[in-house]
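For the protein sequence lines, the chains are S and U, in the order given. Okay, so the first sequence: first residue is 635 according to my numbering, each after it adds one. Okay, so the second sequence: first residue is 635 according to my numbering, each after it adds one.
Number of protein chains: 2
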Amino acid sequence: MSSSARFSGVSIQNRRERERAERHQLIIDAARELAEQEGWDAVTTRRLAEKVEYSQPVLYSHFKGKDAIVRAVAIEGCGVLARELRKARSSQGKSRLQAAAEAYLEFAEKRPALYDAMFVQQVDIPWGTDEVPQELRDAFGELVAAVEPVAGERDLETLTEVFWSALHGIATLTHGKRLRPDHHQARIDLLVRSVQLGTAP
Amino acid sequence: MSSSARFSGVSIQNRRERERAERHQLIIDAARELAEQEGWDAVTTRRLAEKVEYSQPVLYSHFKGKDAIVRAVAIEGCGVLARELRKARSSQGKSRLQAAAEAYLEFAEKRPALYDAMFVQQVDIPWGTDEVPQELRDAFGELVAAVEPVAGERDLETLTEVFWSALHGIATLTHGKRLRPDHHQARIDLLVRSVQLGTAP
DNA sequence: CTTGAGAATCTAGCACTGCTAGCGACTAGA
DNA sequence: TCTAGTCGCTAGCAGTGCTAGATTCTCAAG
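Now the structure itself:
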């Protein structure tokens with residue numbers, strides 16, 4: 635085998651891998667778009683395959699199953715949420731806590747399908763001691779950073795979990811039309827004030 | 635038609651209606667049991683029909699579809715939750731708020747399938763201006779009653795919504811293994827304290 | 001007691017789901 | 001040019017929710 639032939643082979647292999655990675659991303663994007671346009675019920679392997687213009691089995695050469703595709707969308711979504719929360723850090727005229735709460739709930743409201751994949755559908759993303767995806771760490775880290783200034787003597791991580799739970803509860807119950815649509819801002823203000831109040835004076 | 639014949643006819647009709655009502659309840663109970671034992675994924679129309687020892691179409695003579703069965707289970711579940719919260723009212727040694735929070739989360743943890751039907755799966759139970767089932771009113775009413783003593787000058791219903799959201803968030807995130815299993819009690823205490831703190835001194 | 005109308009129930013099937021075995025075409029290296 | 005081996009496709013399986021149409025059963029009237 636000549637050196638040029640070997641080089642050519644490697645190059646072709648590289649191109650193949652690149653194309654494969656692109657198609658991998660194409661599937662994730664198509665799934666997210668389909669879900670955002672028509673809901674997760676519309677995301678069937680057949681429709682997804684049609685959207686990416688391949689046959690169904692191709693999906694299974696990239697992902698172990700439909701769940702794995704949803705999981706990939708969810709993890710990307712965590713990255714988006716983390717960036718949104720980071721942007722909110724620098725919003726003027728309100729506390730970090732308030733800004734984070736509003737940014738979080740705005741994300742949940744504007745991208746309900748994405749939010750659903752991330753936190754409502756149980757897609758067993760590793761969360762405990764396992765290898766937690768960086769996107770998740772980032773998102774939770776942003777919440778910790780928002781809570782930190784008001785934690786006072788209270789345990790930071792526990793307080794963040796409670797704050798997050800309240801936001802998550804508001805997000806899902808609002809989406810399910812279980813809370814009065816007006817009073818949305820009042821709930822946010824009340825929550826933020828409650829979390830702030832424990833600060834040591 | 636003789637008078638006795640008419641009476642007999644009415645009686646038979648009554649018996650029929652009674653048997654029909656019993657079977658209606660049998661279906662709901664079977665669905666709940668199946669869900670609690672093996673999860674909602676296992677609740678298929680076929681397995682449910684087998685469990686009640688009728689064919690599938692019988693289910694559809696009682697309910698418009700599978701969703702309606704889940705909804706019936708969910709509404710009954712709200713009744714159960716309401717009673718649990720009511721029981722917690724009279725627990726000694728802790729505030730009403732604390733007792734309600736613990737009772738709510740214990741219910742969610744001990745009957746995850748039932749909780750899922752009630753508040754996670756979106757089964758569009760009427761909630762807004764429509765005819766809201768009494769069971770739902772009762773359950774939310776119990777939460778309002780628990781929050782009322784500490785509301786102070788804050789809007790009672792809004793504060794209850796926030797409190798409920800936090801409980802719901804903790805319940806679902808705990809179930810999805812998103813929160814640290816130890817620290818459960820710490821989260822409850824922190825939440826209760828935060829909600830209490832706003833009370834006018 | 002027989003009979004026939006009407007209700008109650010079941011069988012069988014549809015269109016869909018996630019997923020996969022196995023075939024055929026195409027590619028790349030000898 | 002020939003031959004491995006990869007690649008993607010067709011076709012199919014077992015399952016889903018749901019329903020049309022046949023069948024069985026019930027019960028009052030004759």
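Every residue, glycine too, gets a C-beta built ideally from N, C-alpha and C.
Any C-beta of chain U under 8 Å from that of Ala820 of chain S: yes
query: Mind checking Glu795 of chain S: buried by the 16 CB within 10 Å criterion, or exposed?
result: Answer is buried; the Cβ neighbour count reaches 16.
message: So, at 8 Å on beta carbons, what are the nonlocal neighbours of Pro767 of chain S in its own chain, with the 5 sequence-adjacent residues on each side left out?
response: Ile709, Cys712, Ile759, Pro760
- prompt: Is the Cβ of His626 of chain U closer than 8 Å to any Cβ of chain S?
  reply: No answer is possible for residue 626 of chain U: the residues shown for chain U start at 635 and end at 835.
message: I want to see whether chain U comes within less than 8 Å of Trp674 of chain S, judged by CB atoms only; does it?
response: Cβ-Cβ to chain U under 8 Å: no for Trp674 of chain S.
- prompt: Hey, quick one: how far does the alpha helix (DSSP H) through Ile804 of chain U stretch, first residue to last?
  reply: 790-809
message: Looking at chain S, is there any beta carbon in it that lies within less than 8 Å of the beta carbon of Thr792 of chain U?
response: yes
- prompt: Quick one: what does DSSP say Val714 of chain S is sitting in, helix, strand or coil?
  reply: helix
- prompt: So which residues of chain S does Val707 of chain U contact, with C-beta pairs closer than 9 Å?
  reply: Simply none; closest approach about 16 Å.
message: Closest to Glu776 of chain S by C-alpha separation, out of S:Gly727, S:Thr679, S:Tyr738, S:Glu672, would be which residue?
response: Cα-wise, what sits closest to Glu776 of chain S is S:Tyr738.
message: Give me, in chain order, the residues of the same chain whose beta-carbon lies closer than 7 Å to that of Ala676 of chain U; leave out the 5 immediate sequence neighbours on both sides.
response: Leu668
field: Contacts of Val829 of chain U in chain S (Cβ-Cβ under 7 Å)
entry: Ser828
- prompt: Using a C-beta to C-beta distance shorter than 8 Å, which residues of chain S count as neighbours of Asp701 of chain U?
  reply: In chain order: nothing, as chain S lies at least about 12 Å away.
query: Under 8 Å between C-beta atoms, does Ala780 of chain U make it to chain S?
result: no
query: Whose Cβ in chain U lies nearer than 7 Å to the Cβ of Ser592 of chain S?
result: Because chain S here runs from 635 to 835, residue 592 of chain S falls outside it and cannot be looked at.
- request: Please say whether Ala735 of chain U and Thr824 of chain U have beta carbons closer to each other than 8 Å?
  value: Per the sequence shown, residue 824 of chain U should be read as Leu rather than Thr. Their beta carbons are not under 8 Å apart, which means Leu824 of chain U does not touch Ala735 of chain U by this criterion.
query: Looking only at its own chain, which residues have a Cβ that is under 8 Å from the Cβ of Val757 of chain S, when we skip the five neighbours before and after it?
result: Asp701, Val704, Arg705, Ala708, Ala751
field: 7 Å CB neighbourhood of Glu718 of chain S in its chain, flanking five on each side removed
entry: Correct list, in chain order: Ala737, Phe741.
query: Which residues in chain U sit within 9 Å of Gly727 of chain S, going by Cβ to Cβ distance?
result: Within chain U, no residue comes near Gly727 of chain S; the closest Cβ sits about 23 Å away, beyond 9 Å.
- request: Say whether the segment 778-798 of chain S touches the segment 723-732 of chain S, bearing in mind that this needs 3 or more beta-carbon pairs closer than 8 Å, one atom from each stretch.
  value: yes
query: Using the beta-carbon count (16 or more within 10 Å), is Gly803 of chain U buried or exposed?
result: It is buried - the Cβ of Gly803 of chain U has at least 16 other Cβ atoms within 10 Å.
query: For Leu825 of chain S, which residues in chain U fall below 7 Å Cβ to Cβ?
result: The answer, in chain order, is Val796.
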